[in-house]
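Data block below; observations after.
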Amino acid sequence: MSDVEARLKDAGFTIPQPVAPVANYVPFVVSGGLVSVSGQIPMGPDGLAFEGCIGQDVSVDEARAAAELCALNIIAQLKAAAGGDLGRISRIVKLGGFVNCVSGFKEQPQVINAASDMMVLAFGDAGRHSRSAVGTNALPLNVPVEIDALAEIRG
Amino acid sequence: MSDVEARLKDAGFTIPQPVAPVANYVPFVVSGGLVSVSGQIPMGPDGLAFEGCIGQDVSVDEARAAAELCALNIIAQLKAAAGGDLGRISRIVKLGGFVNCVSGFKEQPQVINAASDMMVLAFGDAGRHSRSAVGTNALPLNVPVEIDALAEIRG
Amino acid sequence: MSDVEARLKDAGFTIPQPVAPVANYVPFVVSGGLVSVSGQIPMGPDGLAFEGCIGQDVSVDEARAAAELCALNIIAQLKAAAGGDLGRISRIVKLGGFVNCVSGFKEQPQVINAASDMMVLAFGDAGRHSRSAVGTNALPLNVPVEIDALAEIRG
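These protein sequence lines map, in sequence, to chains A, B and C. Mapping the first sequence onto our numbering, position 14 (from 1) lands on 14, and the numbers just tick up by one. With positions in the second sequence counted from 1, the corresponding number in our numbering is that position plus 1000. With positions in the third sequence counted from 1, the corresponding number in our numbering is that position plus 2000.
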């Protein structure tokens, strides 16, 4: 078990099975020392764990839990990209966070912070990333949050 | 003619002339083995080929056709970036898809799949990419789809 | 003073102090010759300089001024990333622009052009970048514009 997994386990989190896309794209691409991870949604072991739009049918706290699950799904993809060894992920470079919300909602950062916190919990200082956090009026499957990622991987 | 162009031609598609931006940005930047392609819209030889918002005045099928045209415009920019030789594009790393839709629309993946399929038609396994697909309430010129891309290019 | 700062000063602009995030993310990450800059908002020396949604309570001209300020904040982060020497930033690779607007608004490019112009004013031809410009129904703190960036940095 890598240090990353040990830290997550100590905090009560388990890395899920990576979710496979059902289309002509892939969950990650490794290119020249970087891994690009496809936008992850709050899919849990029993299917979609969160659904809805903030300000309408989802609270900020629920959206934060959804963002946390997106982050765990990103970590699952990074583990797969690294052939099972998360110690090969040397830096989280960027998170791109999209928050499904009503017009005028302005706490996207508080929502995506839950994903940022998960990255630092898992990777320590190497988990500190650049990021963007924006709102949107609609997301796939009506999920409250979608997050993609870029990370460094070493040979 | 590169293999990529031959495959597209066999399937009945022609790579369009690349569209030039009319502002202080450029359609692509090559940096360290990667090409970053600016967000492409469904511009055809006679101007904008698709306009509108899904759920209001554009169907999912029309949006899929628009996404396909965005993909062809991305391929046109990659060809220009590669000095005409698409054989130099060794991998499509990422597509970033934005779908102009009403609130609550949740089939963004089905729309952007049309662009993903085009990449795999053109580049085979090297066309399999990571991606994000999100909704938005508004896009430039009121187009239904905008897609940007990151790809690997070799010397 | 670098050439970049001299050009900005001649045009009447000052590079602001870089804005620090107040969460588990960082304003930029340097990785393998690239700098990824977090989404910048129109924060000025006295706090938020612009707030609102285009088509509702912000004009295109105000949003352009906000985009310009986002661009200056990006330059401030690049300066910090380069240890104070903007001459080390060899290319602006990409801007990702998000415009807070009502549904159907279609002049996102005109808004983000103000940021693109600032990059070319500051960096000359090295400031010509790829970009995407999209609309959104909501942004953090209800700002009219958020822009992130990717740039080349040399040793």
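Glycine is no exception: its CB is placed at the ideal position from the N, C-alpha and C atoms. All figures in this text were calculated on a predicted structure; none of them were measured in a lab.
Q: Kindly indicate which three-state DSSP category LYS2094/C falls into: helix, strand or coil?
A: strand
Q) What residues of chain A sit near PHE2028/C, judged by a beta carbon separation below 8 Å? A) SER130
Q. Considering only C-alpha positions, which residue in the set GLY104/A, CYS53/A, PHE98/A, ALA81/A is nearest to ASN113/A?
A. PHE98/A
Q.
Using 8 Å for Cβ pairs, my map puts ARG64/A next to VAL111/A. What's the rounded Cβ distance?
A. 6 Å
Q. Which of the three DSSP states, helix, strand or coil, is assigned to GLU5/A?
A. helix
Q.
Across the stretch 2004–2016 of chain C and the stretch 1071–1087 of chain B, are there enough close Cβ pairs to call them in contact, namely three or more that are closer than 8 Å?
A. no
Q: Pull up the distance between the alpha-carbon of GLY2055/C and that of GLY2044/C, whole angstroms please.
A: 23 Å
Q) First and last residue of the beta strand (DSSP E) that includes PHE2028/C? A) 2028–2031
Q | Cα-Cα separation, PHE28/A to ALA2006/C | A | 42 Å
Q. On the three-state DSSP scale, how would you describe ALA80/A?
A. helix
Q. Comparing the C-beta of PRO140/A with each C-beta of chain B, is any distance below 8 Å?
A. yes
Q: Would you list the residues sitting across from GLU2146/C in a DSSP beta bridge?
A: PHE2098/C
Q | Contacts around PRO1140/B, its chain only, beta-carbon distance under 6 Å, and the 5 residues preceding and following it disregarded | A | none
Q: Check the C-beta distance from ARG1091/B over to SER38/A and give it rounded, since I have them as a contact under 8 Å.
A: 14 Å between Cβ atoms; not a contact.
Q) Can ILE143/A and PRO42/A be called in contact, C-beta distance under 8 Å? A) First, the amino acid is wrong: residue 143/A is Val here, not Ile. It is a contact, given that the beta carbons lie within the stated cut-off.
Q. How would you label SER59/A, buried or exposed, when you count the other beta carbons within 10 angstroms and need 16 or more for buried?
A. exposed
Q: Run the CB neighbour count on ASP2125/C, radius 10 Å, all protein chains shown included, and call it buried at 16 or more, exposed below.
A: Of the other Cβ atoms in all chains shown, fewer than 16 fall within 10 Å of the Cβ of ASP2125/C; this residue is therefore exposed.
Q | Selected residue, minimal CA-CA separation from ALA1115/B, among ASN1024/B, GLY1155/B, ILE1147/B | A | ILE1147/B
Q. For the stretch 1103–1119 of chain B, which residues have a beta carbon sitting closer than 8 Å to at least one beta carbon of chain A?
A. SER1103, GLY1104, PHE1105, LYS1106, GLU1107, GLN1108, PRO1109, ASN1113, SER1116, ASP1117, MET1119
Q: Could you tell me the distance, in whole angstroms, from the CA atom of ILE89/A to the CA atom of LEU2069/C?
A: 34 Å
(Q) I'd like the list of long-range same chain contacts for PRO109/A, defined as Cβ closer than 6 Å, with 5 residues on each side in sequence excluded. (A) ALA133
**Q.** Secondary structure of ARG2154/C, DSSP reduced to three states
**A.** Judged by DSSP in its simplified three-state form, ARG2154/C adopts coil rather than helix or strand.
Q) Who are the neighbours of PHE2050/C on chain A, taking C-beta pairs under 7 Å? A) Within 7 Å Cβ-Cβ: nothing; PHE2050/C doesn't reach chain A, min ~13 Å.
Q. If contact means a Cβ-Cβ distance below 7 Å, which residues of the stretch 1055–1067 of chain B contact chain A?
A. none
Q. Using CA coordinates, which residue listed in VAL145/A, LEU86/A, GLY87/A is at the minimum distance from LEU95/A?
A. VAL145/A
**Q.** CB-CB length for GLY1104/B against ASP1003/B, believed under 8 Å
**A.** About 42 Å; that fails the 8 Å criterion.
Q) Relative to the alpha-carbon of GLY83/A, which residue among PRO18/A, LEU150/A, ALA149/A has its alpha-carbon at the smallest distance? A) PRO18/A
Q. Can you check whether the CB of THR2136/C is closer than 8 Å to the CB of GLY33/A?
A. For GLY33/A and THR2136/C, no; Cβs fall outside 8 Å.
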